[in-house]
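> Dropping the structure in here first, questions after.
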């Protein structure tokens with residue numbers, strides 16, 4: 019799929035305004051800077067292990083025709099990043115938010131938009147892997163209908179068909195006070 023940096027949604031929370039848009043290959047440097055600014059703890063929860071090859075990660079993210087990314091922007095800074103990794107039939111979502119922007123609904127809106135983008139692209143299922151100690155991400159996955167179950171190694175894994183969770187994603191955005199700028 020070709021990439022167009024389209025605006026998807028906006029959110030106002032705690033006096034800050036966030037806009038969410040699809041990221042394209044020319045945004046690779048923003049993705050790298052975002053990950054470089056995360057603390058070790060946040061990186062461990064995002065990647066479920068120690069990870070440092072952010073440039074390689076950004077290259078892989080934007081080189082697959084079915085993978086996609088969504089940035090939550092506070093001004094020109096990425097405050098949160100969501101990524102969908104796909105084989106064009108099913109997608110796996112992953113997201114992270116800078117510590118100073120947490121508790122504002124950004125992660126919920128990112129996860130919901132990842133689901134809606136996968137649905138719009140014609141994918142059939144969404145899945146997620148979440149560290150058991152990352153309770154905010156576990157709650158988001160449950161709220162969005164991902165049927166998370168604890169597996170060995172302290173990781174929750176869940177999967178759901180997009181046709182069944184699309185409505186939950188739309189509701190989650192509305193419940194956080196977000197406003198869609200495109201139709202799903």
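Residue numbers (the numbering used here): 19 to 202.
Think of the CB as a built atom: it goes at the ideal place given N, C-alpha and C, for glycine as much as any other residue.
(1) Nearest CA to the CA of residue 195: which residue from 130, 143 and 63?
(2) List the endpoints of the continuous beta strand (DSSP E) containing residue 98.
(3) I'd like the span of the alpha helix (DSSP H) that includes residue 58, first residue to last.
(4) Write down every uninterrupted run of the alpha helix (DSSP H) in the segment 140-166 whose length is 4 residues or greater and which is fully enclosed by it, in chain order.
(5) Would you please state the rounded distance, in angstroms, between the beta carbons of residue 173 and residue 56? I believe it to be under 8 Å.
(6) Report the rounded CA-to-CA distance for residue 198 versus residue 70, giving the unit in angstroms.
(7) Relative to the C-alpha of residue 168, which residue among 68, 139, 153 and 28 is closest?
(8) Under 8 Å: do the segment 113-130 and the segment 93-101 share three or more Cβ pairs, one atom per stretch?
(9) Would residue 90 and residue 51 be called neighbours here (beta carbons separated by less than 9 Å)?
(10) Looking at C-beta atoms only, is the number of pairs between the segment 70-85 and the segment 110-119 that lie closer than 8 Å three or more?
(11) Please name the residue or residues paired with residue 86 in a DSSP beta bridge.
(12) Measuring straight from C-alpha to C-alpha, what distance separates residue 166 and residue 181?
(13) Whole angstroms is fine: what's the gap from residue 74's alpha carbon to residue 41's?
Quick look at the numbers:
(1) Translated into positions along the chain shown, residue 195 becomes position 177. Closest option to residue 195, Cα to Cα, is 130.
(2) Start at 1 with the first residue of the chain shown, and residue 98 comes out as number 80. Start and end: 95-104.
(3) Numbered from its first residue, the chain shown carries residue 58 at position 40. Note, residue 58: alpha helix (DSSP H), 58-65.
(4) 153-161
(5) As a working mapping, residue 173 is identified with position 155 in the chain shown. As a working mapping, residue 56 is identified with position 38 in the chain shown. About 19 Å; that fails the 8 Å criterion.
(6) Along the chain shown, read from residue 1 onward, the residue named residue 198 stands at position 180. Along the chain shown, read from residue 1 onward, the residue named residue 70 stands at position 52. Taking the straight line joining both Cα atoms gives about 33 Å.
(7) On the chain shown, position 150 is the one that residue 168 refers to. Cα-wise, what sits closest to residue 168 is 153.
(8) yes
(9) Against the chain shown, residue 90 aligns to sequence position 72. Against the chain shown, residue 51 aligns to sequence position 33. No, these two residues do not count as a Cβ contact at 9 Å.
(10) no
(11) Taking the chain shown and counting its residues from 1, one reaches residue 86 at position 68. The partner list for residue 86 (beta bridge, DSSP) reads 102.
(12) Residue 166 sits at position 148 when you count from the first residue of the chain shown. Residue 181 sits at position 163 when you count from the first residue of the chain shown. Computed Cα separation, rounded: 17 Å.
(13) For the purposes of this step, residue 74 is identified with residue 56 of the chain shown, where counting begins at 1. For the purposes of this step, residue 41 is identified with residue 23 of the chain shown, where counting begins at 1. So the alpha carbons of these two residues sit roughly 16 Å apart.
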